[in-house]
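The structure under discussion appears below in the form of structure tokens.
Protein chains in written order, with my numbering: chain A, 1061 to 1511; chain B, 1061 to 1511.
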């Protein structure tokens, strides 16, 4: 803290450079404004002559406004600008209009039972912009009137409950950062390369800070039967009435009944006003537009647990209730469909996550898995949340194959496609957590490959 | 993982309840659909008779669609819903349209040199929804063409640089969660209660995950003079050419030159495409639309460091370069302008933060500071980031005064207004971190008071 003895109201002394004798002489001769402009122009151009990087001239290419002696400055530097609260609720810059979620053309015959993928290739950090959160619906989405929405808790409970949103939002609240991944993320890639970009290979993945009531708080409020209540059913209020069984032991510690996402209420496409947040568990169980929780003593085998979300194994058996999303990672940039403009330095970036706990390390290979290098993990590394990794790379112009491989804190190592198919075959739909490969050609074009 | 021996293609065995002999008999008599409906209606009504909580009937009040025997279900349960990617970039629910940032009426004579406040009263967690991030501009805001934007680094450097956005986004990247608070947050309250709601008393506060290049990386790239380069100047490209001195020792470790905010590019109102992120330092120094960094050996005493952002002390001295935002907290709900509907349980929630490091604890008082109770801190507690606190409260209907008080990990205790004014007088504008009091009347109405 600097404190100067100054009489109230007096400005502090001007810096010495403005008392340069030459400057003072010029002011006397030409007047203050003209001298200042000349002074600045001289300094600016002198500096630009010394510059070694990108063309400065482009920034000055805008036509001058008014006085031709004024430096060519862009309009945003010379104009008043827009008022505060021009947009009471803001939006991204118009220049970012290509960064949107997209349905994969032809993926589904009915767009209400389809997917809109998050554009991971253009995103940063571990928080997904809410407007870009992926969507997966089975019978479309609607804007639910929160005053009419109810949450029922019934089954093996002493005190069946029906809560309004007002009720729920008065209860003890928690906030947690978690990833959400659909069990069908990367589904297309089981047999072979199917889609070209990371948006489509991995875009059923997002991360948010969720706020709500702990599931345990609600179950205790309802007096659930701890001994017999081994399973929880979660049911949604949408047209598909999504209904899922969850094993009680998996959800009692860290599940939330959430209303908040990244500081505000959930978005309608993400379950407004209420959804289940089941950390580490596949997305379908994070029932949106949550209307009912039932405590029971055996699985319900609902329609979305039998005809779907079960894995067909090589020996003809069904693997049911896989539940936990296993450790997985992907390089989000450079990634399929992008093009490296020139050789040289790049920050290679991506995401890693695990439903079992924390990411322990991420290794990156530039030669298709022969040599591995430890990537930097951005802090904090949180349980059952996205982890952002970054690593330096100097591209020498030769073909390369980029991969990332995560190890989580249980010691689980992300498998290659070869390893995964040995266990699971090639005809699964769900739970594909194989290592992703991106090929960089000499042209700089990046494409999806499997090695 | 449960594995059942099932021939491929066969559904799993139906749960026993559906093999109830009475059910089977009814199916034979009435057909499956009718039986199922009757079965569900019976169970549902039986359950609702046992309910002790809020009126279930309201949820069923919607007129029935079609078959009068069908349970009265809301339209979103019985209709197809909207397709995925209806909104390639999503928005909040229409029911949330009142949660917006607002300019305080009459605060400024020119709305380009004004403030739009974040509606803290309706928000959660430590991440601020980007569309609700507060605004503080001195000459309005514009959407800058990122292809024309440049960052210059000059002054006491061996290699002056001019970077394009493409250049910057290839450099090693980091992601960090930090709070941003204007030095003038709570300015109106120095003399007495001035504004009614937490949006206006504390709303120049937001928290985000920022992504960008470490300042140190850029300064090293430019070869800055470590010995003589004791000060950094940051200059913006907006009409106000915001220019700020920062002491090098404060910024070299954790400042970012950031392009990303909450997973996507900065918003135009928040400095798109580039801003300085100076963790823990007052908001004005987080120069938006950052175009130049200069390394120097003494402060620049720019216009926004002399005529503004200095504190007038009781003895007539100016306190300059206060820089660090000291520990501060506020209860965001219940807060001024809200009304408690009835007695009973409430989750009291708020935010705490400190520019010195981490929040260590937050205490809450319900009786104007006589008794204090430790609040829960949501995890993770991060350095120079918002911390969300929550605490249980049972309101008995009597008048109450709610306060929160933070202690940070340097041991600094948030002061009362009395304590703060003893040191700083009553005629400051900036750096007001006093304890905030909210009075709850018997009517349940909450108002801003100073005790």
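Ideal Cβ placement from N, Cα and C applies to all residues, glycine included.
Tell me which residues share the same chain as residue i and place their Cβ nearer than 6 Å to its Cβ, disregarding the 5 neighbours each side in the sequence.
i                       : result
residue 1435 of chain B : 1422, 1424, 1449, 1451
residue 1447 of chain A : 1412, 1419, 1437, 1441
residue 1393 of chain A : 1181, 1409
residue 1285 of chain B : 1216
Straight-line CA distance for residue i to residue j?
i                       : j                       : result
residue 1114 of chain A : residue 1468 of chain B : Per-residue confidence for residue 1114 of chain A stands at a pLDDT of 35, beneath the threshold of 50, marking its modelled position as unreliable; the derived number appears in the next sentence. Answer to the nearest angstrom: the Cα atoms are 44 Å apart.
residue 1209 of chain B : residue 1152 of chain B : 31 Å
residue 1460 of chain A : residue 1454 of chain A : 11 Å
residue 1061 of chain B : residue 1489 of chain A : Residue confidence for residue 1061 of chain B is low, a pLDDT of 36 falling below 50, so the modelled location carries little weight and cannot support an answer.
residue 1441 of chain A : residue 1238 of chain A : 11 Å
residue 1074 of chain A : residue 1303 of chain B : Reliability of the predicted coordinates at residue 1074 of chain A is poor, the pLDDT of 35 falling under 50, and no value is obtained from them.
residue 1128 of chain B : residue 1135 of chain B : Reliability fails at residue 1128 of chain B, whose pLDDT of 44 lies under 50, so the model's placement of it is uncertain and the value that follows must be treated cautiously. Roughly 14 Å between the two C-alpha positions.
residue 1108 of chain B : residue 1282 of chain A : Note that residue 1108 of chain B scores a pLDDT of 40, beneath 50, so its modelled location is shaky; the value from the coordinates is reported in the next line. For residue 1108 of chain B and residue 1282 of chain A, the distance between alpha carbons rounds to 14 Å.
residue 1123 of chain B : residue 1168 of chain A : Because the pLDDT of residue 1123 of chain B is 35, which lies under 50, any placement of that residue in the model is unreliable, and the number read from its coordinates should be weighed accordingly. Going by the C-alpha atoms only, they are around 32 Å apart.
residue 1431 of chain B : residue 1462 of chain B : 11 Å
residue 1372 of chain A : residue 1243 of chain A : 14 Å
residue 1309 of chain A : residue 1290 of chain A : 7 Å
residue 1219 of chain B : residue 1362 of chain B : 25 Å
residue 1175 of chain B : residue 1191 of chain B : 15 Å
residue 1226 of chain B : residue 1323 of chain B : 18 Å
residue 1358 of chain B : residue 1201 of chain A : 59 Å
residue 1150 of chain A : residue 1160 of chain B : 9 Å
residue 1287 of chain A : residue 1356 of chain A : 10 Å
residue 1377 of chain A : residue 1365 of chain A : 15 Å
residue 1231 of chain B : residue 1407 of chain A : 6 Å
residue 1185 of chain B : residue 1267 of chain B : 9 Å
Select from the options the residue whose C-alpha is nearest the C-alpha of residue i.
i                       : options                        : result
residue 1165 of chain B : A/1310, A/1172, A/1144         : A/1144
residue 1404 of chain A : A/1200, A/1502, A/1432, A/1171 : A/1502
residue 1445 of chain B : B/1433, B/1325, B/1411         : B/1411
residue 1369 of chain B : B/1413, B/1384, B/1356, B/1395 : B/1384
residue 1510 of chain A : A/1250, A/1306, A/1487         : A/1250
residue 1273 of chain A : A/1312, A/1189, A/1356         : A/1312
residue 1439 of chain B : A/1255, A/1270, A/1428         : A/1270
residue 1158 of chain A : B/1157, B/1376, B/1148         : B/1148
residue 1203 of chain B : B/1473, B/1364, B/1325, B/1484 : B/1325
residue 1142 of chain B : A/1183, A/1232, A/1486, A/1197 : A/1197
Using a C-beta to C-beta distance shorter than 7 Å, which residues of chain B count as neighbours of residue i?
i                       : result
residue 1440 of chain A : 1440, 1442
residue 1183 of chain A : 1323, 1324
residue 1201 of chain A : 1141, 1142
residue 1154 of chain A : 1203
residue 1159 of chain A : 1324
Tell me whether residue i, by its Cβ, gets closer than 7 Å to a heavy atom of the ligand ATP.
i                       : result
residue 1472 of chain A : Summarising the ligand content, the structure contains no ligands, and the ligand ATP is consequently not present.
List the residues of chain B that residue i touches, going by C-beta distances under 8 Å, in chain order.
i                       : result
residue 1172 of chain A : 1140, 1141, 1142, 1143, 1144
residue 1239 of chain A : None at all; the shortest Cβ gap to chain B is about 12 Å.
residue 1298 of chain A : 1136, 1137, 1141
Short of 8 Å in beta carbon distance, which residues of its chain neighbour residue i, apart from the five on each side in sequence? Order them along the chain.
i                       : result
residue 1402 of chain B : 1504
residue 1352 of chain B : 1211, 1212, 1213, 1214, 1293, 1294, 1295
residue 1330 of chain B : 1190, 1193, 1195, 1321, 1348
Give every residue of the same chain whose Cβ lies closer than 7 Å to the Cβ of residue i, excluding the five residues on either side of it in the sequence, and list them in chain order.
i                       : result
residue 1390 of chain A : 1258, 1262, 1410, 1411, 1464, 1496
residue 1494 of chain A : 1475, 1476, 1477, 1480
residue 1199 of chain A : 1172, 1173, 1298, 1299, 1300
residue 1338 of chain A : 1306, 1311, 1315, 1345, 1346
residue 1247 of chain B : 1489, 1490, 1492
List, in order along the chain, the chain E residues whose C-beta lies closer than 8 Å to that of residue i?
i                       : result
residue 1189 of chain A : Absent from the structure: chain E. Protein chains present are A and B.
Check the Cβ of residue i against every Cβ in chain A and list those closer than 9 Å, keeping chain order.
i                       : result
residue 1197 of chain B : 1141, 1142, 1143, 1144
Could you list which residues in chain A have their beta carbon closer than 7 Å to that of residue i, in chain order?
i                       : result
residue 1163 of chain B : 1144, 1145
residue 1331 of chain B : Within chain A, no residue comes near residue 1331 of chain B; the closest Cβ sits about 11 Å away, beyond 7 Å.
residue 1407 of chain B : 1230, 1231, 1232, 1233
residue 1455 of chain B : None at all; the shortest Cβ gap to chain A is about 10 Å.
Show which residues of chain B have a CB atom less than 9 Å away from the CB atom of residue i.
i                       : result
residue 1392 of chain A : Chain B residues near residue 1392 of chain A: none, gap ~11 Å exceeds 9 Å.
At a CB-CB cut-off below 8 Å, which residues of chain A make contact with residue i?
i                       : result
residue 1430 of chain B : Going along chain A, no residue has its Cβ under 8 Å from residue 1430 of chain B, so there is no contact; the nearest lies around 24 Å.
residue 1450 of chain B : 1232, 1233, 1234
residue 1280 of chain B : By Cβ distance, chain A contributes nothing, its closest Cβ being about 14 Å from residue 1280 of chain B, past 8 Å.
(message) Report the start-end ranges of each beta strand (DSSP E) in the region 1399-1460 of chain B that is 3 residues or longer and not cut off at the edges.
(response) 1404-1413, 1419-1425, 1447-1455
(request) Let me know the beta strand (DSSP E) ranges lying completely inside the region 1252-1285 of chain A, each 3 residues or longer, listed in chain order. (result) 1265-1274
(request) Kindly provide the ranges of any alpha helix (DSSP H) runs that are 4 or more residues long and lie completely inside the region 1150-1236 of chain A, ordered along the chain. (result) 1225-1230
(message) Going residue by residue through the region 1286-1368 of chain B, where are the continuous alpha helix (DSSP H) segments of at least 4 residues, counting only ones entirely within it?
(response) 1308-1311, 1363-1366
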